[in-house]
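Below is one structure; the comments refer to it alone.
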Ligand SMILES: *Cc1c(COP(=O)(O)O)cnc(C)c1O
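Residue numbers (the numbering used here): 2 to 466.
See the structure below:
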């Protein structure tokens, strides 16, 4: 005997209708995303009030659930998949990754243990090796596949905390932080907010940070780094969220290695420079760090959510993230949960593997170099327009633009957002309001850049009226 709801759900699979329907909507969405308004219209956002309802008492018709999502949800999305979304450092999604994610959705695998998902475990092992080679990291480096760089930073710093305290005969897992030996933290004044968040969550306290001054691109000034020691975590950055600048890893790591400090690199989007022949001068020396945090969902354009923690001290990493239980079945191969904070998590490795296999080394190189070229194109075109100023060296994919005054910059940014031909956000840079243009979509063409520059011009004209 099946229950009523069981019967209904078996029926959904048998008649396939909702699946066909959702695929159809997906294709339509994808086809239109490149020409659509980049930000949803006011009306589309207003219409979201349809979702303000009480939890239905009775089961809803499945078709109408999918229909509601498509009718009201699709128009209220931001077109981050297209070529003219330059907000934050967002990244599009490569078609084969979407297709693989779709298949993976139906597999619904949790790669916590090999016995839970042999395919998930296999792909994680394979991609771990690919990434270690691509980033030229030490051969003993392990990877954990997490939701993003926020979590990857947390894992890297947790491993650092474990190792430094363990060297002082202090087991953090057993003894906790109360009365523990002191851990020093040294980082640049442009460290990402998620690094500070991780320091907070780990109980290390942002007040204890020894801040290092940065230059006009946001890079740590190596000479200003204090004396380091083996109780220090030094946090560096590959890709500043505003300027895209890289710390000087070669010089800094040499100094830190001598002192036996733990070096963590936040390379959310910038670590990928190492995979590009023409740009790998930016990441020279990263192999001398101890842990690295990087995203798939930014520069590599995997779908959300996909971050990776890489760590050459496997024992510290797995000890920091350890868990045990009488029902756990460990294998001699990879059990993903020892490399991440979670036990169950989705098998994001499916998309990551698919995209790396699809692009290959040369495809990755070409895609990222093209983003760099488009960023340079944007800077060149916008500089030609009177009233716009580029504020950074274009080394990777970020362009910082400002107008003649904070007031105009603010108005122009608001006009650009209102025009919806492209989308970007603002920031503060060297004490001034600026606009941040982040080029990190595989789909951004020369034409997209020119069209966006035109929108900037229009927005300035409107502001000056
Ligand atoms: C985006 C970003 C992060 C946070 O990564 P998420 O994937 O959003 O969690 C951390 N550091 C830098 C430099 C970033 O650009």
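From the three backbone atoms N, C-alpha and C, an ideal C-beta is built for every residue, glycine too. Quantities reported herein were computed from a predicted structural model and do not represent experimental measurements.
Closer than 6 Å: is that where the CB of residue 247 sits relative to any heavy atom of ligand 1?
Residue 247 has its Cβ no nearer than 6 Å to any heavy atom of ligand 1.
How should residue 395 be labelled, buried or exposed, when 16 other C-beta atoms within 10 angstroms of its C-beta is the threshold for buried?
Residue 395 comes out buried.
Beta strand (DSSP E) containing residue 429: first to last residue?
Where residue 429 is concerned, the enclosing beta strand (DSSP E) starts and stops at 426-430.
Which ranges does the beta strand (DSSP E) cover as unbroken runs of at least 3 residues, wholly within the region 177-201, from first to last along the chain?
Complete beta strand (DSSP E) runs here, min 3: 185-189.
Using the DSSP secondary-structure output, state which residues sit across from residue 311 in a beta bridge.
According to DSSP, which records beta bridges pairwise, residue 311 is partnered with 144, 293.
Nearest-angstrom Cα separation, counted from residue 450 out to residue 386:
Rounded to whole angstroms, the gap between the alpha carbons of residue 386 and residue 450 is 14 Å.
Quick check on the DSSP output: the beta strand (DSSP E) that includes residue 150 runs from which residue to which?
That residue, residue 150, is in no beta strand (DSSP E); its alpha helix (DSSP H) goes 150-168.
With a threshold of 7 Å on Cβ separation, who are the neighbours of residue 253 within its own chain once the five nearest residues in sequence on each side are excluded?
So the list reads 221, 223, 226, 237, once near-sequence residues are dropped.
Consult DSSP for residue 211 and reduce its assignment to one of helix, strand or coil.
The answer is strand: DSSP assigns residue 211 an E or B state.
Near residue 6, what residues of its chain come up, given a Cβ to Cβ distance below 7 Å and the 5 sequence neighbours on each side ignored?
Setting aside the 5 residues that flank it on each side, residue 6 is surrounded in the same chain by 60, each with a C-beta closer than 7 Å to its C-beta; the list follows chain order.
Helix, strand or coil: how does DSSP classify residue 90 here?
Here residue 90 sits in coil by DSSP.
Are residue 80 and residue 14 closer than 7 Å when you measure CB to CB?
Their beta carbons are not under 7 Å apart, which means residue 80 does not touch residue 14 by this criterion.
So for residue 77, helix, strand or coil by DSSP?
Look at residue 77 here: in three-state DSSP terms it is helix.
What do you reckon, are the CB atoms on residue 317 and residue 164 nearer than 7 Å?
In this structure, residue 164 lies closer than 7 Å to residue 317 by Cβ.
Contact between the region 299-314 and the region 61-77 (3+ Cβ pairs under 8 Å):
By the criterion of at least three beta-carbon pairs nearer than 8 Å, the region 299-314 is not in contact with the region 61-77.
Residues near residue 405 by beta carbon distance below 7 Å, same chain, minus five either side
Excluding its 5 nearest sequence neighbours in each direction, residue 405 has C-beta neighbours in its own chain below 7 Å: 388, listed in chain order.
Do residue 269 and ligand 1 come close, with the Cβ less than 6 Å from some heavy atom?
For ligand 1, a non-hydrogen atom lies closer than 6 Å to the CB of residue 269.
Rank 87, 21, 31, 20 by C-alpha distance to the C-alpha of residue 437 and give the top, closest one.
Closest option to residue 437, Cα to Cα, is 87.
Mind checking whether residue 354 and residue 46 have CB atoms under 7 Å apart?
Contact: no.
Going by CA-CA distance only, name the one from 319, 344, 313 that's closest to residue 491.
Only positions 2 to 466 of the chain appear in this structure, which leaves residue 491 out of reach.
So is residue 196 buried or exposed if we call it buried at 16+ other beta carbons inside 10 Å?
By the Cβ neighbour-count rule, residue 196 is buried, with 16 or more other Cβ atoms within 10 Å of its own.
Spell out the partners DSSP gives residue 298 in its beta bridges.
Residue 298 pairs with nothing; no bridge assigned.
Which residue from 426, 430, 337 puts its Cα closest to that of residue 85?
Distances from the CA of residue 85 to each of 426, 430, 337 were compared; the closest alpha carbon is that of 426.
Suppose the cutoff is 6 Å on Cβ atoms and the five residues either side in sequence are ignored; what does the same chain contact list for residue 332 look like?
115, listed in sequence order.
Assuming the contact rule is C-beta atoms closer than 8 Å, residue 235 and residue 187 should be a hit. Round their C-beta distance to whole Å, please.
Indeed they touch by this definition, with Cβ atoms about 5 Å apart.
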